[in-house]
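Undergrad: Residue numbers for the first sequence follow my numbering, so the first one is 14 and each next one is one higher.
All C-beta atoms in this analysis are idealised placements derived from N, C-alpha and C, irrespective of residue type, glycine included.
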Amino acid sequence: MSFSDKILAWYHENKRDLPWRETLDPYKIWLSEIILQQTRVAQGMPYYFRFVDAFPTVRDLANAEEEQVLKLWQGLGYYSRARNLHAAAKMVVQDYNGVFPTSYEELLKLKGIGDYTASAISSICFNEPQAVVDGNVYRVLSRYFGVDIPINSSEGIKYFKQLAQEMLPPINIGDYNQGIMEFGAIQCTPKNPNCEMCPIADGCLALAKGTIKNLPVKVGKTKVKKRYFNYLVPISITEAGDKITQLRQRKGKGIWQNLWEFPLLETENEAELDQIEKSYGEILNLKGKPQMSLYNKEFIVHKLSHQHLHTKFWIVEEVIELQEGIAVSDLKKYPVPVLIAEFMKTFKF
DNA sequence: AAGGCGGGGCG
DNA sequence: CGCCCAGCCTT
Numbered sequence: 014m015s016f017s018d019k020i021l022a023w024y025h026e027n028k029r030d031l032p033w034r035e036t037l038d039p040y041k042i043w044l045s046e047i048i049l050q051q052t053r054v055a056q057g058m059p060y061y062f063r064f065v066d067a068f069p070t071v072r073d074l075a076n077a078e079e080e081q082v083l084k085l086w087q088g089l090g091y092y093s094r095a096r097n098l099h100a101a102a103k104m105v106v107q108d109y110n111g112v113f114p115t116s117y118e119e120l121l122k123l124k125g126i127g128d129y130t131a132s133a134i135s136s137i138c139f140n141e142p143q144a145v146v147d148g149n150v151y152r153v154l155s156r157y158f159g160v161d162i163p164i165n166s167s168e169g170i171k172y173f174k175q176l177a178q179e180m181l182p183p184i185n186i187g188d189y190n191q192g193i194m195e196f197g198a199i200q201c202t203p204k205n206p207n208c209e210m211c212p213i214a215d216g217c218l219a220l221a222k223g224t225i226k227n228l229p230v231k232v233g234k235t236k237v238k239k240r241y242f243n244y245l246v247p248i249s250i251t252e253a254g255d256k257i258t259q260l261r262q263r264k265g266k267g268i269w270q271n272l273w274e275f276p277l278l279e280t281e282n283e284a285e286l287d288q289i290e291k292s293y294g295e296i297l298n299l300k301g302k303p304q305m306s307l308y309n310k311e312f313i314v315h316k317l318s319h320q321h322l323h324t325k326f327w328i329v330e331e332v333i334e335l336q337e338g339i340a341v342s343d344l345k346k347y348p349v350p351v352l353i354a355e356f357m358k359t360f361k362f
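If you want it as structure tokens, here you go:
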């Protein structure tokens, strides 16, 4: 049996029942692929259901407000995926009359679709012979063929795409692509792979040489930057008796684009009360000096891949001057980072 | 070619 | 605590 035959056979026996495996609708396959980028199946699953439910067709998604798309995406991270998803839906409606393009080349033109996703959709839905190369495939191939070229070098990216391409079966491309990924996720795992009961242990070069634990090779260090966030949480009561606060939308570059947060003062180091007092009038556009208190004595440390956000929430109460605000009861409508969502959940307005 | 972009789970 | 997850985009 060939490599691909073994993978296909293993997949046939071991594939999980996943909701996006019950359809060949390219829209739904696309949704699942975007959601699963850098995301575990268990984490992405509920998001897949809520998106299919809210937007049954690509037209429904295209017609939605970005705000709603981001709100549904809240908590999943890498929010450019949600913005690109929305933009791509609009492209499909406008440029392709609402019908998903069927070829790798055309799919590649859509926002948020790169080599992996174009290969996945074109192979799964249209049986185009394009090999998917995701983290699982890098791992399986690097071990089986004993390749120590760094998977995140340009040489490695090119090398593994070609190698994966050469391993494609003549038919059942989509199943094979899903099979090798599933194999990497379940059998040939990053740590403690199940080599004892592996259907391709025979030809596995890394297993023979004892280099499993060294593969795949990845270069580059992840240096974590420390940042200090001070959120100013203004609270005011309107004449009608409604409690209001303020949110602002993050714009430009950086994290959490287009998500909402409380007015923010970022500092070079830990900020104390006196430093905040100097700035909050300007940030909140206030003339007076309302009472302010620190909500959390210890930093709330919110960890992103490359940043640790050391956060303090400063409560600014009874801001009579507060002009424009949003009702506290409306806060849940806004897409916010998990850091903000957690605060809203625990803070009693 | 390198850096930025989330949040969560696991050993 | 470090690594990894059905990657992509920008510079």
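Count the other C-beta atoms from every protein chain shown that fall within 10 angstroms of the C-beta of S136, then say buried if there are 16 or more, exposed otherwise.
TA: buried
Undergrad: Indicate the three-state DSSP secondary structure (helix, strand or coil) for R96 in the structure shown.
TA: The three-state secondary structure of R96, taken from DSSP, is helix.
Undergrad: So N298 and F326 are supposed to be a Cβ contact under 8 Å. How far apart are they, rounded?
TA: Actually they are not in contact, since the Cβ atoms of N298 and F326 sit about 19 Å apart, beyond 8 Å.
Undergrad: Since L154 contacts V160 with CB under 8 Å, what's their CB separation in whole angstroms?
TA: A Cβ-Cβ distance of about 7 Å is found for the pair L154 and V160, placing them in contact under the 8 Å criterion.
Undergrad: Can you find at least 3 beta carbon pairs, one from the segment 238-247 and one from the segment 269-289, that sit closer than 8 Å?
TA: With three or more CB-CB distances shorter than 8 Å, the segment 238-247 counts as touching the segment 269-289.
Undergrad: How is R263 classed by DSSP in three states: helix, strand or coil?
TA: Per DSSP, reduced to three states, the secondary structure at R263 is coil, with no helix or strand assignment.
Undergrad: If you reduce the DSSP assignment to three classes, tell me which class Q320 lands in.
TA: strand
Undergrad: Taking the beta carbon of V112 as the centre, do at least 16 other beta carbons fall within 10 Å, making it buried, or is it exposed?
TA: exposed
Undergrad: Go ahead and pull the three-state DSSP assignment for A101.
TA: helix
Undergrad: Taking the continuous beta strand (DSSP E) assigned at R240, which residues delimit it?
TA: 238-247
Undergrad: Taking DSSP as the reference, what is the three-state secondary structure of I440?
TA: This structure cannot settle anything about residue 440, because the visible part of the chain is limited to 14 through 362.
Undergrad: Across which residues does DSSP place W86 in a beta bridge pair?
TA: DSSP, once it has assigned bridges, lists no residue as partnering W86.
Undergrad: Less than 8 Å between the beta carbons of Y24 and F139, yes or no?
TA: no
Undergrad: Who are the near neighbours of Y189 in its chain, counting only those whose CB is closer than 7 Å to its CB and skipping five residues on each side?
TA: If we look at Y189 and ignore the five residues flanking it on each side, its Cβ neighbours are S17, I20, L21, L181, P182.
Undergrad: Put I268 into one of helix, strand or coil per three-state DSSP.
TA: Coil, per DSSP.
Undergrad: Quick check: P163 and V230, are their CB atoms within less than 8 Å of each other?
TA: yes
Undergrad: Give every residue of the same chain whose Cβ lies closer than 6 Å to the Cβ of Q143, excluding the five residues on either side of it in the sequence, and list them in chain order.
TA: Y117, S132, S135, S136
Undergrad: Output yes or no for whether 8 Å exceeds the beta carbon distance between E285 and H323.
TA: Note that the C-beta distance between E285 and H323 is not below 8 Å.
Undergrad: Among residues of its own chain, excluding the 5 on either side of I328, which ones have a beta-carbon nearer than 6 Å to its beta-carbon?
TA: V246, S306, Y308
Undergrad: By Cβ distance, which residues of its chain are closer than 8 Å to D128, with the 5 residues on each side in sequence left out?
TA: Contacts found: L121, V146, K174.
Undergrad: I'd like the list of long-range same chain contacts for Y347, defined as Cβ closer than 7 Å, with 5 residues on each side in sequence excluded.
TA: L260, W273
Undergrad: According to DSSP, simplified to helix, strand and coil, what is F139?
TA: helix
Undergrad: With a 10 Å radius around its C-beta and 16 neighbouring C-beta atoms as the bar for buried, classify T130 as buried or exposed.
TA: buried
Undergrad: From the DSSP output, read off the bridge partner residues of T280.
TA: Y241
Undergrad: So, helix, strand or coil for E179, using DSSP?
TA: helix
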